[in-house]
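> Taking the numbering used here, the leading residue of the sequence shown gets 149, the next gets one more, and so forth. What follows is a single structure, and I will ask about it in a moment.
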Amino acid sequence: MKEDRRLPHKRDGLQFLTSKTAFVIFIVLSYALGYFSAYYNRQPPQQPPSTAEVRTVKSTNSQGCSIDNFRVTTRCGDLVPPELIRRTVIDRIFNGTSPYSDFPPPHAAKYLRPKRIKGWGSYGAVFENLIRQVKPRTIVEIGSFLGASAIHMANLTRRLGMEETQILCVDDFRGWPGFRDRFKDVALVNGDVLLMYQFMQNVVSSEYSGSILPVPFSTGSALEKMCEWGVTADLVEIDAGHDFNSAWADINRAVRILRPGGVIFGHDYFTAADNRGVRRAVNLFAEINRLKVKTDGQHWVIDSVKLT
Ligand SMILES: *[C@@H]1O[C@H](CO)[C@@H](O)[C@H](O)[C@H]1NC(C)=O
Ligand SMILES: *[C@@H]1O[C@H](CO)[C@@H](O)[C@H](O)[C@H]1NC(C)=O
Numbered sequence: 149m150k151e152d153r154r155l156p157h158k159r160d161g162l163q164f165l166t167s168k169t170a171f172v173i174f175i176v177l178s179y180a181l182g183y184f185s186a187y188y189n190r191q192p193p194q195q196p197p198s199t200a201e202v203r204t205v206k207s208t209n210s211q212g213c214s215i216d217n218f219r220v221t222t223r224c225g226d227l228v229p230p231e232l233i234r235r236t237v238i239d240r241i242f243n244g245t246s247p248y249s250d251f252p253p254p255h256a257a258k259y260l261r262p263k264r265i266k267g268w269g270s271y272g273a274v275f276e277n278l279i280r281q282v283k284p285r286t287i288v289e290i291g292s293f294l295g296a297s298a299i300h301m302a303n304l305t306r307r308l309g310m311e312e313t314q315i316l317c318v319d320d321f322r323g324w325p326g327f328r329d330r331f332k333d334v335a336l337v338n339g340d341v342l343l344m345y346q347f348m349q350n351v352v353s354s355e356y357s358g359s360i361l362p363v364p365f366s367t368g369s370a371l372e373k374m375c376e377w378g379v380t381a382d383l384v385e386i387d388a389g390h391d392f393n394s395a396w397a398d399i400n401r402a403v404r405i406l407r408p409g410g411v412i413f414g415h416d417y418f419t420a421a422d423n424r425g426v427r428r429a430v431n432l433f434a435e436i437n438r439l440k441v442k443t444d445g446q447h448w449v450i451d452s453v454k455l456t
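In structure tokens form, the structure reads like this:
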């Protein structure tokens, strides 16, 4: 889900800081309007609504558009100890059998390239910086595509002596509509692009299948379930959809599976996609939770996350 890579990256220095507060207010207002209309649309159709009724809907929301409405407070399940996380994911998602056993299946083998790795910003210094800082036992990556950054992180953790570290890669492994325009060599088999198999093939070729597991579902459903199961991470990387709504949902869901004091970071803080959707989402999240956003190359970083 990296649909906006064609768009140019641009920095505009500190300019955005000055207008940040106005920006946050704008986002909150537009969101509140969205909520009101969604709330209104869910009402069962009784009589054709008159304009008077439309007006009363707004006044029934006594909370107004307070920033508190954006807080997510759902509690996750009891923590799974780090050494049981790989087993838990294999049991819950793969019916107890590693997805790498007997891989690749004969019907898919002929479509796979031995190693077809392509990523964007996958080798930035931020990965080594954060892995050294956090010494993560569990890393969750949201948006993995062909596995370039996951494989890079597995290499780093091994090189830095963290043999036990597990990297869970959440991705629906479908790319995005039309991604094959730029990846013509990725096979299309009855409408399926086999991206998960190619990702796994890349992991196997790099000899990291003991460290990296795919979690092949949409980011929303996967993060909800991981929270429910108590699967948590010390380091979470967000690099899926780059529009505001996707980034906002991913950050708010992912932070729930972050251990207290963990670090969340993500790519494309400077991308122009969706009027800088990633940055707007990150900044709003930081503002609401009184956290500080740092940058490292093209990445944003929020460390020592502790939600109130
Ligand atoms: C899941 O595993 C159990 C026991 O290992 C097996 O009996 C069952 O057939 C498996 N289910 C599927 C859908 O593969
Ligand atoms: C990490 O990658 C480098 C460069 O590709 C390679 O030489 C090295 O063997 C890898 N290290 C590990 C531990 O996989």
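For every residue, glycine included, the Cβ atom is placed at its ideal position computed from N, Cα and C.
1. Do Val403 and Asp416 have their beta-carbon atoms positioned less than 8 Å apart in this structure?
2. Along the alpha helix (DSSP H) that carries Ile238, what are the first and last residues, could you check?
3. Among the residues of its own chain, which have a CB less than 7 Å from the CB of Val379, if the five just before and after it don't count?
4. Helix, strand or coil: how does DSSP classify Ile265 here?
5. Reducing DSSP to helix, strand and coil, say where Gly410 ends up.
6. Leaving out five residues on either side along the sequence, give the residues of the same chain with a beta carbon under 6 Å from the beta carbon of Asp451.
7. Please report the straight-line C-alpha distance between Gly414 and Val449, rounded to a whole angstrom.
8. Quick one: does the C-beta of Arg306 sit closer than 7 Å to a heavy atom of ligand 2?
9. Whole alpha helix (DSSP H) runs in the stretch 303-375 with 4 or more residues, listed along the chain?
10. Identify, in the order they occur along the chain, each residue of the same chain with its Cβ nearer than 8 Å to the Cβ of Ser359, setting aside the five sequence neighbours on each side.
11. Closer than 7 Å by C-beta to Gly368: which residues in its own chain qualify, once you throw out the five before and the five after it? Chain order, please.
12. Please list, in chain order, all residues of the same chain as Tyr259 whose beta carbon is under 7 Å from its beta carbon, the five residues on each side excluded.
13. Any idea what DSSP makes of His447, helix, strand or coil?
14. Using alpha carbons as the reference points, say which of His447, Asp329, Val453, Lys440 lies closest to Trp268.
15. With a 10 Å radius around its C-beta and 16 neighbouring C-beta atoms as the bar for buried, classify Glu289 as buried or exposed.
16. Would you grab the beta carbon distance between Ile299 and Ser246 for me? Rounded to a whole angstrom, and I think it's under 8 Å.
17. From the DSSP secondary-structure annotation, give me the bridge partner or partners of Glu385.
18. Taking a contact to mean a Cβ-Cβ separation below 8 Å, would you say Pro254 touches Gln349 in this structure?
19. Could you tell me whether the Cβ atoms of Val352 and Tyr248 are closer together than 8 Å?
20. Would you tell me roughly how many angstroms separate the C-alpha atoms of Gly326 and Tyr271, rounded to the nearest one?
21. CB Asp444 to CB Ala273, shorter than 8 Å?
22. Going by beta carbon distance, what residues of the same chain come within less than 6 Å of Phe164, once the five residues before and after it are set aside?
23. Straight-line CA distance for Ala257 to Phe275?
24. Judging by CA-CA distance, which residue of Ile279, Ala421, Arg438 is the nearest neighbour of Lys287?
25. If you measure from the CB of Asn303, is any heavy atom of ligand 2 nearer than 7 Å?
26. Could you tell me the distance, in whole angstroms, from the CA atom of Ile436 to the CA atom of Lys263?
So, from the listed chains and residues:
1. Between Asp416 and Val403, the CB-CB gap reaches or exceeds 8 Å.
2. Segment 233-242, the alpha helix (DSSP H) holding Ile238.
3. Contacts found: Val228, Ile233, Thr236, Val237, Ile405.
4. Note: Ile265 maps to coil in three-state DSSP.
5. In the structure shown, Gly410 sits in a strand (DSSP, three-state: E or B).
6. Around Asp451: Val411.
7. Each residue's CA atom was taken as its position, placing Gly414 and Val449 some 7 Å apart.
8. Result yes, Cβ under 7 Å from ligand 2.
9. Listed in chain order, the complete alpha helix (DSSP H) runs (minimum 4 residues) inside the stretch 303-375 are 343-353.
10. The residues are Ala302, Thr305, Arg306, Thr313, Gln314, Ile315.
11. Result list for Gly368: Ala397, Arg401, in chain order.
12. Correct list, in chain order: Ala335, Val337, Leu342.
13. Taken through DSSP and simplified to helix, strand or coil, His447 comes out as strand.
14. If we check each option's Cα against that of Trp268, His447 comes out closest.
15. Glu289 is buried by the Cβ-count criterion.
16. Taking 8 Å as the upper bound for CB-CB distance, Ile299 and Ser246 are not in contact here, some 18 Å apart.
17. DSSP lists Glu289, Phe413 as partners of Glu385.
18. Judged by beta-carbon spacing, Gln349 lies beyond the 8 Å limit of Pro254, meaning their Cβ atoms are not closer than that value.
19. Cβ distance < 8 Å, so Val352 and Tyr248 count as in contact.
20. Rounded to the nearest whole angstrom, the C-alpha separation of Gly326 and Tyr271 is 25 Å.
21. Contact flag set, yes.
22. Per-residue confidence for Phe164 stands at a pLDDT of 44, beneath the threshold of 50, marking its modelled position as unreliable; the derived number appears in the next sentence. Short of 6 Å from the beta carbon of Phe164, and not among the five residues preceding or following it, lies no beta carbon of its own chain.
23. Approximately 32 Å, taken between the alpha carbons.
24. Note that residue 287 is Ile in the sequence shown, not Lys. By alpha-carbon distance to Ile287, the top candidate from Ile279, Ala421, Arg438 is Ile279.
25. Correct: Asn303 has its Cβ closer than 7 Å to ligand 2.
26. So the two alpha carbons sit approximately 42 Å from each other.
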